[in-house]
Each structure stands twice: as C-alpha cells, then as structure tokens.
Amino acid sequence: MTDFITALYLSNSAIACVAYWPQCVTLWRMLKTGEVNKSVSLATWLMWSWACSVTALYAFCTQDDFAFRLISFVNVVFCIVTLVLTAMVHHRTNQKTRKQHHDQ
Numbered sequence: 000m001t002d003f004i005t006a007l008y009l010s011n012s013a014i015a016c017v018a019y020w021p022q023c024v025t026l027w028r029m030l031k032t033g034e035v036n037k038s039v040s041l042a043t044w045l046m047w048s049w050a051c052s053v054t055a056l057y058a059f060c061t062q063d064d065f066a067f068r069l070i071s072f073v074n075v076v077f078c079i080v081t082l083v084l085t086a087m088v089h090h091r092t093n094q095k096t097r098k099q100h101h102d103q
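Position 35 of the sequence shown, counted from 1, bears residue number 34 in numbering that gives the first Met the number 0, the numbering being contiguous throughout.
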C-alpha cells in the first residue's frame, strides 16, 4: 500500500507540470504577440513562489524523502518560471501604458 501511495504522490509532479503549463503558455503568447495585460496577478505568483521555495528548502534540508523533494523542486521551478513571465508581462504592460499616455 505504501508503494501505491508513493507512486500516487509522485504523480503529483506530473500533474503540477500540466497545471502550470496553460498559464505559462498564455503569458508567453502575450509577450510574443504584444497583447499584454495585467490579468495575471504578480503578487499572487510572488507569494506562491515564496511558499514553494520555502517548501523546497524544507524538503532538501530536513527530509530524506525523494518524492517530497521531487515534487517540491518541480513546483518551485514552475512557480518561478510563471513569476518571471508574469513580471515580464506586467513590465511590458506598464511600458505600453506609458507610451500611450506619452503619445496623447
């Protein structure tokens, strides 16, 4: 039974990848097309990244559990990627807004 639960727990890593992917793709498309907006919360992704980073730190410094470490690592990587893309979108939106105000 423990092996089954461990396998189920490890599958969370794959689920996390699938869950983060649509958000990352949407942000990437915004950057490529220039159709940027602040519909994705920068503050939320900053907090999620912080929480995932602390969890990963805990997993690697205090636990000897491969599954927990793997899932924590995957989560922190995708959170930070999403955070960086969100920050880039917000920066581009701010630039676009400033340019529109300047052109008026």
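Cβ atoms here follow ideal geometry from the backbone N, Cα and C, with glycine treated the same way.
Determine, using beta carbons only, whether residue i and residue j come nearer to each other than 8 Å.
i	j	result
S38	V75	no
I79	A15	no
To the nearest angstrom, how far is it from the Cα of residue i to the Cα of residue j?
i	j	result
L30	M46	22 Å
Of all the options the options, which has the alpha carbon lying nearest to the alpha carbon of residue i?
i	options	result
N36	H101, Q99, H100 and K95	K95
H89	Y8, L26, T5 and I4	L26
P21	L84, K98 and R97	L84
Considering only residues of the same chain and omitting the five flanking positions on each side of residue i, which have a CB-CB separation below 6 Å?
i	result
Y8	A66
G33	none
T54	S71
Near residue i, which residues of its chain fall below 8 Å by C-beta distance, leaving aside the five closest residues on each side in sequence?
i	result
Y57	S71
S40	T85
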